[in-house]
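Some notes on the structure that comes next.
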Amino acid sequence: LDGKRALEKFHSSSFDLVLLDLRMPELSGMDVLREIKKADLDVPVVVITAYGSVDNAVEALKMGAYDFVTKPFKIEELKNIVHRALELERLRRERNYLLDELREEFCFEGVIGDSPKMREVMQVAQAVARTDATVLIYGESGTGKELLARSIHFQSDRKDNPFVVVNCGAITETLLESELFGHEKGAFTGAHARKLGKFELADGGSIFLDEVGEMSPAMQVKLLRVLQDRTFERVGGTVAITVNVRVIAATNRDLKKMVREGTFREDLYYRLNVIPLELPPLRERKEDLPALCDFLIAKHCRRLHKTIRGVSPQAMRLLKRYSWPGNIRELDNVIERAIILSQDEVLGVEDLRIFEAPLKENWKTLQEVEKEYIERVLEYTGDDLEKAAAILGISLEDLERKLATFRKV
34 LDGKRALEKF HSSSFDLVLL DLRMPELSGM DVLREIKKAD LDVPVVVITA
84 YGSVDNAVEA LKMGAYDFVT KPFKIEELKN IVHRALELER LRRERNYLLD
134 ELREEFCFEG VIGDSPKMRE VMQVAQAVAR TDATVLIYGE SGTGKELLAR
184 SIHFQSDRKD NPFVVVNCGA ITETLLESEL FGHEKGAFTG AHARKLGKFE
234 LADGGSIFLD EVGEMSPAMQ VKLLRVLQDR TFERVGGTVA ITVNVRVIAA
284 TNRDLKKMVR EGTFREDLYY RLNVIPLELP PLRERKEDLP ALCDFLIAKH
334 CRRLHKTIRG VSPQAMRLLK RYSWPGNIRE LDNVIERAII LSQDEVLGVE
384 DLRIFEAPLK ENWKTLQEVE KEYIERVLEY TGDDLEKAAA ILGISLEDLE
434 RKLATFRKV
C-alpha cells in the first residue's frame with residue numbers, strides 16, 4: 034500500500050498493530066505515523082525500513098512508534114517484536130477494563146445508604162472528591178472507611194493513577210517507616226536491595242492511611258513533614274524525594290481527645306483534619322439495612338453462582354433488632370455465610386445465625402457484648418487470631434490485648 038491508501042484503510046477499520054515502512058510512495062512513513070498517532074494514540078506501530086538510521090529510529094520512537102527494525106532482519110526478530118507489542122496492547126486494554134470496573138465498583142453509588150446521616154456524608158464526599166484536599170474519615174471498625182476512601186479516589190482527577198493502602202496499626206514502627214518511605218540497600222539487616230515506599234508508589238495518585246491514630250510520636254513527625262513539604266528520604270538515604278500524592282486518612286479513635294492527652298500531635302491533627310467525614314455505625318442507620326442486604330446479596334451471588342431473591346420479613350426484623358458491633362463488615366460476613374448455607378431462594382432467620390437482641394431488663398455491658406462477639410468470631414475462625422482480627426477490623430495486637438483483658442475479668 035502507498036501512504037495515502039494505508040491511512041484510508043486505517044481510518045475505515047480497526048487494527049491491533051501496524052507494521053509501517055518508512056519509505057512509501059505518496060506519503061512518507063513518518064507522515065503516516067504522525068497521522069496514525071493523531072487518530073489512535075494507543076495502537077502499537079512497528080516501523081520497518083531498509084533506510085534506517087539512528088536519527089530515524091529516535092524520531093520514530095519520539096513520535097510514538099513501539100519499536101524500529103532495519104532491513105534485512107530475521108523473521109524471528111520481527112515475530113518477537115510483534116508478540117511483545119501485542120502483549121503490551123493486551124495488557125493496556127486489560128488495565129483500562131479493570132480501571133473501568135473499579136470506577137464502577139467504587140463510584141459513590143457503591144456506598145449504600147439513604148439515611149439522613151449517610152446523605153450528609155455523601156454530599157460532602159462528592160464535593161471533596163473533585164479537589165486535592167486531605168480527608169480524614171472517622172468511624173468504628175467495619176463502617177466502610179476504606180470503601181469511602183476508594184470512592185473518593187476513583188471519582189477524582191487522580192482516578193487513573195494508583196490508590197495505595199497502608200494499615201498503620203498492623204505494622205510495627207520500624208517496619209512502618211520502611212513501608213511508607215522505602216529504604217536503600219544496606220539500610221538495615223535484611224535490606225538486600227532498594228525498596229520503594231508506599232508514598233513513591235502512590236505518586237500521582239492517592240494514599241490511604243488507615244488507623245492513623247495508631248502511629249507512634251516519631252512516625253507522626255515524619256508524616257507531618259510529608260504533609261507539609263511532600264518530601265521525605267528513604268530509610269538509610271540522604272536524597273530528598275518529592276511526591277505528588279493526595280492523602281486520605283482514617284481512624285476509629287477520637288483524635289481530638291488524643292491531642293488533649295498529648296498522644297497525638299496537634300499540628301498533624303490539623304493537617305489531616307482538613308475535610309472530616311464521619312461514617313455512622315450501622316446501629317444508627319438501620320433504615321439502610323434493606324438496601325445494604327440487596328447490595329451484598331447481589332455481590333455474593335455473582336461470586337458464588339447462587340440465586341437468592343432477598344431476605345424474608347422475619348429475617349429483616351431480626352437484622353434490625355441486632356446491634357451490629359462489627360458494622361457493615363459483620364453484616365457482609367453474615368450475608369455471605371447465609372448465602373452459602375441456605376437451601377432456599379429467600380434468606381430466613383435460620384440462615385442468619387445471629388443472636389436476637391436481649392430484652393431491656395437483660396441488657397449486657399459493652400464489655401460483655403464485645404467479649405461475646407469476639408468469642409463467636411474466634412469460634413467461627415477456629416481460634417485463628419489473624420483471621421479473627423481481620424474480620425473484627427482491628428490489629429492482631431489489639432485483639433491480643435482485648436483477650437488478655439477478658440481473662441482478667
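In our numbering, the protein residues as written are 34 to 442. Even for Gly, the Cβ is constructed at its ideal location relative to N, Cα and C.
Check	Outcome
8 Å contact criterion, which F241 and I281 should meet: CB distance rounded	5 Å
Neighbourhood of D321 by C-beta distance below 6 Å, restricted to the same chain and skipping five residues each side	G146 and S148
Inter-residue spacing [alpha-carbon to alpha-carbon] between E389 and Q376	Only weak support is given to the placement of E389: the predicted model assigns it a pLDDT of 46, under 50, and the question is left unresolved by the model.
Span separating the alpha-carbon of R18 from that of D431	Coverage of the chain is limited to positions 34 through 442, which leaves residue 18 absent and any answer about it impossible.
Neighbour-count burial assignment, E363, 16 or more Cβ in a 10 Å radius	buried
Supposed close pair G97, K70 - CB separation, criterion 8 Å	4 Å
C-alpha gap between E179 and I427, whole angstroms	14 Å
Whole-angstrom distance between E401 and K192, CA atom to CA atom	43 Å
The segment 380 to 388 / the segment 332 to 349 touching (three or more Cβ pairs under 8 Å)	yes
Three-state secondary structure (DSSP) of A235	coil
Rounded C-alpha distance that separates R136 from L374	Note that R136 scores 46 on pLDDT, short of 50, meaning its location in the model is unreliable; the coordinates nonetheless yield the value given after this. Cα-Cα distance, rounded: 32 Å.
Stretch pair the segment 262 to 277 + the segment 308 to 328: three plus CB contacts closer than 8 Å	no
For G295, the three-state DSSP class (helix, strand or coil)	coil
Environment of K393 [buried if 16+ CB atoms lie within 10 Å]	With a pLDDT of 47 at K393, under the threshold of 50, the modelled position of that residue is not reliable, and no figure is offered here.
Beta-carbon proximity check, L50 vs L119, cutoff 8 Å	yes
Y303 classed as buried or exposed, judged by whether at least 16 other C-beta atoms fall within 10 angstroms	exposed
Unbroken alpha helix (DSSP H) run spanning V410, endpoints	L399 to Y413
Whether Q253 touches F297 by CB criterion (8 Å)	yes
Run of the beta strand (DSSP E) containing V198, from where it starts to where it stops	F196 to N200
Stretch-stretch touch, CB-based, cutoff 8 Å, three pairs: the segment 276 to 295 with the segment 236 to 251	yes
heavy atom of the ligand MN below 7 Å from N194 C-beta	The ligand MN is not part of this structure, which contains no ligands at all.
Cα-Cα separation, H44 to A331	42 Å
Sequence-distant residues of the same chain with beta carbon closer than 8 Å to S174, five excluded per side	N285, G359, N360, R362, L425, G426 and I427
According to DSSP, residues forming a beta bridge with L53	V80
Sequence ranges, beta strand (DSSP E) only - wholly within the segment 147 to 204, length at least 3	168 to 171 and 196 to 200
Residue from N366, E210, G237 and G238 whose Cα sits closest to the Cα of K228	E210
Strand pairing of I240, partner residues [DSSP]	V197 and V280
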